[in-house]
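Whatever position you read off the sequence shown (first residue = 1), add 51 for the numbering used here.
C-beta atoms are modelled at their ideal positions from N, C-alpha and C, and glycine is treated no differently.
Notes for the one structure printed next.
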Amino acid sequence: MGVIDMPVKRRKPKAEGAPAYMAQFTALMTILLAFFICLLTVGQDRVSNYKKTGYGYIRNAFGSKGGVGLLPFWRSVMKRYPKVRKKKEEPDAEFLGYMKGAFHADEFDADGISGADMEHRGSSIKIFTNIQFSGDRVALTAEAQVFLDRLAAVFVNLPDYVLTACCYSSTGGDVDKDRMLAAERAILIVRYLKDSGGVPVSRMRSAGYAHDYYLAPLDKGQTKEAVVFLVRKVARKIKA
52 MGVIDMPVKR RKPKAEGAPA YMAQFTALMT ILLAFFICLL TVGQDRVSNY KKTGYGYIRN
112 AFGSKGGVGL LPFWRSVMKR YPKVRKKKEE PDAEFLGYMK GAFHADEFDA DGISGADMEH
172 RGSSIKIFTN IQFSGDRVAL TAEAQVFLDR LAAVFVNLPD YVLTACCYSS TGGDVDKDRM
232 LAAERAILIV RYLKDSGGVP VSRMRSAGYA HDYYLAPLDK GQTKEAVVFL VRKVARKIKA
């Protein structure tokens, strides 16, 4: 009886080393890394073209006193304020300025504001507040008046600075109505600072917004309305 050999299927030898898809994955990660490096470089250049950069120049923005945090600071600088500084594209740039620091409502004082590096006309400091309005009313609460009295007492002793009251309102309805409501509230605040605090009108501005584009980062509870003050140093005129 003879023995018949069955044919054996030849198997393809396994390739040594990493699978082929790893090379594609590595190439993709390299491209993404290069993209983010380029993105950060562009953002850094846009900031450095306006003002010198470095932690020494921006320490007031996220320092121990009145700081808003490092991550919110960079989000503001790299996403928003490079656009604000372009006066031709953003007419609000003249009084919004470039953020050099920020204070919360219970932390700001005259020394903190005057001690910030704000020699350039485009520099500004934010003061975040907890001022709230009831519904669509244009009226100041007792708590808001107490804060504004304190703000006036500090600001009246800073003659070289201009104060801008920025109100934000977003009810989810008509954008124009929200903007008008915010503008009326900002005007009310300026009027109160003048009448009750004695702050000259020539040193104040008001602005109403239906979005938080210029005012962020805001607290989570300020998605519908907020009041933020911007303090900008007046440029000194050089005598000929």
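Determine, using beta carbons only, whether residue 184 and residue 236 come nearer to each other than 8 Å. yes
CA-to-CA distance, residue 254 to residue 174, given in whole angstroms: 16 Å
According to DSSP, simplified to helix, strand and coil, what is residue 256? DSSP, read as helix, strand or coil, puts residue 256 in strand.
Whether residue 215 touches residue 258 by CB criterion (8 Å): yes
Would a C-beta distance cut-off of 8 Å place residue 256 and residue 212 closer than the cut-off? no
Roughly how many whole angstroms lie between the Cα atoms of residue 275 and residue 224? Going by the C-alpha atoms only, they are around 11 Å apart.
Where residue 179 sits in the DSSP three-state scheme: strand
Take residue 285 and list the residues in its own chain whose beta-carbon comes closer than 7 Å to its own, dropping the five residues that flank it on each side. Excluding sequence positions up to five before and after residue 285, its CB lies within less than 7 Å of the CB of 211, 212 and 213, all in the same chain and listed in chain order.
Can you round the beta-carbon distance between residue 206 and residue 252 to whole angstroms, since I take them to be within the 8 Å contact cut? At roughly 13 Å, the Cβ-Cβ gap does not stay under 8 Å, so residue 206 and residue 252 are not in contact.
Look up residue 215 in the DSSP assignment and say whether it is helix, strand or coil. DSSP places residue 215 in strand when its eight states are reduced to three.
Give me the residue from 192, 260, 229 and 73 with the minimum Cα distance to residue 243. Looking at the Cα atoms, 192 is the closest of the given residues.
Please list the terminal residues of the continuous beta strand (DSSP E) segment that includes residue 277. Start and end: 276-284.
Are the C-beta of residue 206 and some C-beta of chain E separated by less than 8 Å? The structure shown contains no chain E; it holds only a single protein chain.
Straight-line CA distance for residue 179 to residue 279? Each residue's Cα considered, the two are about 5 Å apart.
For the alpha helix (DSSP H) containing residue 198, name the first residue and the last one. 193-206
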